[in-house]
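Visitor:
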Amino acid sequence: MMKTLLTLLFAFSLMVCKAQESRPGPQLPPETGETFKVGIAGYTFVKFDLDKTLETLKALDVHYLCIKDFHLPMASTDAEIAAFHEKLKAHDITGYAVGPIYMKSEAEIDRAFDYAKRVGVKLIVGVPNVELLPYVDKKVKEYDFKFAIHLHGPDINIYQDADDVWNHTKDLDPRIGMCLDIGHDTRNGKDPVADMEKYHTRVFDMHIKDVTGPTKQGYSLEVGRGIIDFPSMVRMIRKVGYTGVCSLEHERNMDNPFMGIAESLGYFRGVIETTKE
Numbered sequence: 001m002m003k004t005l006l007t008l009l010f011a012f013s014l015m016v017c018k019a020q021e022s023r024p025g026p027q028l029p030p031e032t033g034e035t036f037k038v039g040i041a042g043y044t045f046v047k048f049d050l051d052k053t054l055e056t057l058k059a060l061d062v063h064y065l066c067i068k069d070f071h072l073p074m075a076s077t078d079a080e081i082a083a084f085h086e087k088l089k090a091h092d093i094t095g096y097a098v099g100p101i102y103m104k105s106e107a108e109i110d111r112a113f114d115y116a117k118r119v120g121v122k123l124i125v126g127v128p129n130v131e132l133l134p135y136v137d138k139k140v141k142e143y144d145f146k147f148a149i150h151l152h153g154p155d156i157n158i159y160q161d162a163d164d165v166w167n168h169t170k171d172l173d174p175r176i177g178m179c180l181d182i183g184h185d186t187r188n189g190k191d192p193v194a195d196m197e198k199y200h201t202r203v204f205d206m207h208i209k210d211v212t213g214p215t216k217q218g219y220s221l222e223v224g225r226g227i228i229d230f231p232s233m234v235r236m237i238r239k240v241g242y243t244g245v246c247s248l249e250h251e252r253n254m255d256n257p258f259m260g261i262a263e264s265l266g267y268f269r270g271v272i273e274t275t276k277e
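Number 220 in UniProt numbering belongs to position 220 of the sequence shown; there are no gaps in the numbering.
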């Protein structure tokens with residue numbers, strides 16, 4: 001009897017081990033294989049240090065970060081920049097751009113381009129005064145960088161939506177374009193899906209967020225809870241062959257944004273998966 005029991009226990013143990021060995025692992029992120037990438041805008045973590053930021057990105061399986069200067073100051077030494085990149089590398093994260101950076105003088109533009117060069121990126125997300133655009137044009141030619149003007153909806157008087165950015169840049173170097181913030185574009189009464197189609201050759205970065213309404217009173221909230229048509233947005237991103245990063249810029253409950261970040265990324269990735277053909 002004891003021998004039979006031991007034999008049965010041994011057989012059961014083998015079955016359990018075999019079942020565990022054959023358990024499927026998690027799937028790759030839904031954006032795998034797409035022309036675009038999913039990332040996070042550094043401003044999302046304005047109240048948190050770099051370690052907490054990288055820990056969050058790693059937990060979310062996100063590998064692209066737009067670098068803000070509160071995580072890597074513009075006055076950083078080359079040694080500090082190298083140490084910053086080592087931290088990112090340890091978490092399998094790439095800093096793909098810097099910004100948004102506000103620029104109110106030629107000296108501030110010079111500083112931003114030098115900063116980007118030392119950081120090792122070729123994309124600046126910036127907000128230069130309108131009268132400085134000819135100087136930005138000159139610097140883009142000099143550095144061979146792309147410059148994405150961040151649009152801000154009705155909150156400021158310049159670069160309120162994609163039309164506004166286009167009208168200011170259409171006659172400048174084609175490396176000057178926009179960071180299409182789909183939330184602010186919507187809050188200025190525009191359709192970000194239509195604007196993506198219209199201006200895709202000048203869309204170098206995207207800020208992904210949702211909003212409650214198409215006016216200044218509309219505010220940011222978790223992706224999927226607002227009025228933006230994300231299935232149409234993702235289909236348009238594919239249609240135009242966008243190759244940049246779709247960076248979540250979460251601007252709600254910023255003292256404790258982590259649940260909202262996870263919910264927003266989960267929804268956005270779900271849309272990516274369910275709109276595949």
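Heads up, the beta-carbon is just placed ideally off N, CA and C, and yes, glycines get one too.
Being a predicted model, the structure only gives us computed values, none of them experimental.
#1: Taking only the alpha-carbon atoms, compute the straight-line gap between phenylalanine 70 and threonine 201 and give it to the nearest angstrom.
#2: Out of Phe48, Val62 and Asp61, state which residue places its alpha-carbon closest to the alpha-carbon of leucine 72.
#3: Which full runs of the alpha helix (DSSP H) of 4+ residues lie inside the stretch 57-113, going along the chain?
#4: With contact counted as at least three CB pairs below 8 Å, one residue from each stretch, are the stretch 151-161 and the stretch 178-193 in contact?
#5: Which whole runs of the beta strand (DSSP E) in the stretch 196-242 are 3 residues long or more, in chain order?
#6: Just confirm the distance between the C-beta atoms of serine 264 and glutamate 222, as a whole number of angstroms; I'd bet it's less than 8 Å.
#7: Would you mind working out which of Val46, Pro231 and Lys170 sits nearest valine 271, comparing C-alpha positions?
#8: According to DSSP, simplified to helix, strand and coil, what is lysine 117?
#9: Thinking just about the alpha-carbon of each residue, which of Arg118, Ile101 and Gly42 is nearest to the one in threonine 77?
#10: DSSP on phenylalanine 258, reduced to helix/strand/coil?
#11: For aspartate 110, which option in Ala97, Ala82, Met74 and Lys89 has the closest C-alpha, if you only look at C-alpha atoms?
#12: Out of Phe147, Glu277, Arg252 and Glu80, which has the shortest C-alpha to C-alpha gap to methionine 103?
Guide: Taking the structure as given:
#1: Taking the first residue of the sequence shown as 1, we reach residue 70 at position 70. Taking the first residue of the sequence shown as 1, we reach residue 201 at position 201. About 30 Å.
#2: Within the sequence shown, the letter at position 72 stands for residue 72. Comparing Cα-Cα distances from leucine 72 to each of Phe48, Val62 and Asp61, the minimum goes to Phe48.
#3: 78-90
#4: yes
#5: 203-208
#6: By 1-based counting over the sequence shown, the position of residue 264 is 264. By 1-based counting over the sequence shown, the position of residue 222 is 222. Yes, serine 264 and glutamate 222 are in contact; Cβ-Cβ is about 5 Å, under 8 Å.
#7: Here residue 271 refers to the residue found at position 271 when the sequence shown is read from its first residue. Answer by Cα proximity: Pro231.
#8: For this step, residue 117 is matched to residue 117 along the sequence shown. Lysine 117 falls in the helix class under three-state DSSP.
#9: The residue you call residue 77 lines up with position 77 of the sequence shown. It is Arg118.
#10: Here residue 258 refers to the residue found at position 258 of the sequence shown. Phenylalanine 258 falls in the helix class under three-state DSSP.
#11: As a first step, residue 110 must be located in the sequence shown, where it is residue number 110. Aspartate 110 has its Cα closest to that of Met74, out of Ala97, Ala82, Met74 and Lys89.
#12: On the sequence shown, residue 103 is found 103 positions in, with the first residue counted as 1. Comparing Cα-Cα distances from methionine 103 to each of Phe147, Glu277, Arg252 and Glu80, the minimum goes to Phe147.
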